[in-house]
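**Student:**
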Amino acid sequence: MPKSRSPERKLRFILAINFSRRQRKRNVFKRIQVFIPSIKQKTERVSFEGPEEKKVMISGENCLGKKWVVRTWKPDGKGDWVGAKQESAKIDGMGWMRIIVDDNLLPRIHDRMAIFCSEGELCG
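When we follow my numbering, the leftmost residue of the sequence shown carries the number -19, and every step to the right adds one.
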């Protein structure tokens, strides 16, 4: 009797993105965007004006195929946004992770549960 292949599972991620404690004392404005190339998805540019947390759900198959890219954006003083920093890593799992953006605008995974992260500084 031939073995049947199990269907590829769908992966779900909740990204909770918030400010560091130092930034909560100041009025800082930032944007962050997550690219998931293996499933050809990207989030909207999520904006922050103060201490807050926003969640994004990402669902797809084979999210680990290529490195995720997390980019931060900053205002250029003329009313437009310019890219600030970016980090990448291979990410997989069925759970959640929290990305913190510190004063240097580098995104880092701070907390995670049931998430695998490798091959990048983004992992923390």
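Note that the Cβ used here is the ideal one computed from N, Cα and C, for glycine as well.
Let me make sure I understand the geometry here. Which of 28, 12 and 104 has the alpha-carbon closest to that of residue 50?
**Tutor:** Position 70 of the sequence shown, counted from the first residue, corresponds to residue 50. Checked all of 28, 12 and 104; the closest Cα to residue 50 is 12.
**Student:** Between the region 41 to 57 and the region 68 to 87, can you find at least three pairs of beta-carbon atoms closer than 8 Å?
**Tutor:** Yes: the two stretches touch, three or more of their Cβ pairs being nearer than 8 Å.
**Student:** Helix, strand or coil for residue -14, going by three-state DSSP, please let me know.
**Tutor:** Along the sequence shown, one-based indexing puts residue -14 at 6. Per-residue confidence for residue -14 stands at a pLDDT of 41, beneath the threshold of 50, marking its modelled position as unreliable; the derived number appears in the next sentence. If DSSP states are grouped into helix, strand and coil, residue -14 belongs with coil.
**Student:** Which residues does DSSP list as the beta-bridge partners of residue 94?
**Tutor:** Mapped onto the sequence shown, residue 94 falls at position 114. Per DSSP, none; premise fails for residue 94.
**Student:** Opposite residue 67 in the DSSP bridges: which residues?
**Tutor:** The residue labelled residue 67 in the question sits at position 87 within the sequence shown. DSSP output for residue 67 lists 50 as bridge partner(s).
**Student:** In chain order, what residues of the same chain lie with their CB nearer than 7 Å to the CB of residue 23, ignoring the 5 residues before and after it?
**Tutor:** Position 43 of the sequence shown, counting from 1, holds the residue named residue 23. The residues are 13, 14 and 36.
**Student:** Quick check: what's the CA-CA separation for residue 64 versus residue 84?
**Tutor:** Taking the first residue of the sequence shown as 1, we reach residue 64 at position 84. Taking the first residue of the sequence shown as 1, we reach residue 84 at position 104. Rounded to the nearest angstrom, the two C-alpha atoms are 9 Å apart.
**Student:** Out of 20, 61 and 28, which one is the CA nearest neighbour of residue 42?
**Tutor:** If you number the sequence shown from 1, residue 42 lands on position 62. Residue 20 is the option with its Cα nearest to residue 42.
**Student:** DSSP three-state label for residue 101, please.
**Tutor:** The residue you call residue 101 lines up with position 121 of the sequence shown. Helix, per DSSP.
**Student:** How would you write the range of the beta strand (DSSP E) that residue 25 sits in, first residue to last?
**Tutor:** Taking the sequence shown and counting its residues from 1, the one referred to as residue 25 is at position 45. Note, residue 25: premise wrong, no beta strand (DSSP E); not H, not E.
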